[in-house]
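**Student:** Under the UniProt record's numbering, think of the first position of the sequence shown as 1, with each following residue one higher.
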Amino acid sequence: MVRLPLQCVLWGCLLTAVHPEPPTACREKQYLINSQCCSLCQPGEKLVDECTDVIDTKCRPCGNGEFLDTWNRERYCHQHKHCDHNLGLRVQTQGTSQTDTTCTCEEGLHCTSAACESCIPHSPCSPGFGVKRIGSQNRMRALVVIPIVLGILCAILVSVYIRKVVKKPKDKALHPNDPQETIFVEDFGPNPAAPVQETLHGCQPVTQEDGKESRISVQERQ
């Protein structure tokens, strides 16, 4: 009866030694596979063989025109981006085994998206508009009304106004017989200082009102 519990303990220890429990987590830049923590391949390399109890992970550098930009366990590298000249693209930065190729647009073109997968021409300026900022490969150029155009418009308006003002005196000089406006002076009453005309009537002075005809009898004239 005592031997049975002892045998169970022995078998439990044996099984634990043969099949150890997997670790709960691996260290940074490692991954878990087959109950083991294997090292990741560094950027610019791809995985060839997983690690074992005796050897570490086997990696190989990416080939020409390929890259991997992170620590990985990839079996294949990524191809470098192709800058298609037919889409208006050209190489901005050549790719390496750890970085991808970057493209930009040809002169006079700009990208249609942040990824710059194709290009379109800059917007042409309409009549009366000029370039405010030269467009780059990644943004359109902005347009703004040229101040000189506004100045020309103002000059034309001033010129038309001056011509109308100068034309009026000339028209009056060419037509002097045209009826002109008559201005009436308002009567403010009799003027007390107006001169009076005196005459004699029976040897007595008689005051003649200004503006009335002077009449002297025939007898006085004799």
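Ideal placement from N, C-alpha and C gives every residue a C-beta, glycine not left out.
Compare the beta carbon distance of E74 and L32 with 8 Å and say whether it is the shorter of the two.
**Tutor:** At a Cβ-Cβ threshold of 8 Å, E74 and L32 do not count as neighbours.
**Student:** Nearest-angstrom Cα distance between C125 and N64?
**Tutor:** So the two alpha carbons sit approximately 44 Å from each other.
**Student:** In three-state DSSP terms, what is R73?
**Tutor:** coil
**Student:** By how many angstroms is the C-alpha of D84 removed from the C-alpha of S39?
**Tutor:** C-alpha of S39 to C-alpha of D84: approximately 37 Å in a straight line.
**Student:** Which first and last residues belong to the beta strand (DSSP E) in which T102 is found?
**Tutor:** 102-105
**Student:** Kindly list the residues whose CB is nearer than 8 Å to the CB of N86, restricted to its own chain and excluding five residues on each side of it in sequence; keep chain order.
**Tutor:** The same chain holds no residue with a CB closer than 8 Å to that of N86 once the five nearest residues on each side in sequence are set aside.
**Student:** By Cβ distance, which residues of its chain are closer than 7 Å to Q36, with the 5 residues on each side in sequence left out?
**Tutor:** C51
**Student:** Closest to G95 by CA distance: which of Q79, L89, I55 is it?
**Tutor:** It is Q79.
**Student:** Can you tell which of C59, K167, Q98 has the C-alpha that lies nearest to the C-alpha of T70?
**Tutor:** Comparing Cα-Cα distances from T70 to each of C59, K167, Q98, the minimum goes to Q98.
**Student:** Using the rule of at least 16 other Cβ atoms within 10 Å of the residue's Cβ for burial, across every protein chain shown, is V185 buried or exposed?
**Tutor:** Caution applies to V185, whose pLDDT of 48 falls short of 50 and renders its modelled position unreliable; the value that the coordinates give is listed next. Classification for V185: exposed.
**Student:** If contacts are defined as beta-carbon pairs under 8 Å, then T102 and T93 qualify, I think. What distance do you get, rounded to the angstrom?
**Tutor:** 4 Å
**Student:** Does C119 pass the burial test, meaning 16 or more other C-beta atoms within 10 Å, or should it be called exposed?
**Tutor:** buried
**Student:** Based on the DSSP secondary-structure assignment, which residues constitute the bridge partners of R60?
**Tutor:** K46
**Student:** Less than 8 Å separating the beta-carbons of E45 and C26?
**Tutor:** no
**Student:** Looking only at C-alpha atoms, which of C62, P121, E107 sits nearest to residue 258?
**Tutor:** As displayed, the chain neither begins before 1 nor continues past 222, which places residue 258 out of reach and without an answer.
**Student:** Roughly how many angstroms lie between the CA atoms of L157 and K164, to the nearest whole one?
**Tutor:** 11 Å
**Student:** Assign L150 to one of two classes, buried (16 or more other C-beta atoms within 10 Å of its C-beta) or exposed (fewer than that).
**Tutor:** exposed
**Student:** Exposed or buried, what is V160 when buried is set at 16 or more other beta-carbons lying within 10 Å of its beta-carbon?
**Tutor:** exposed
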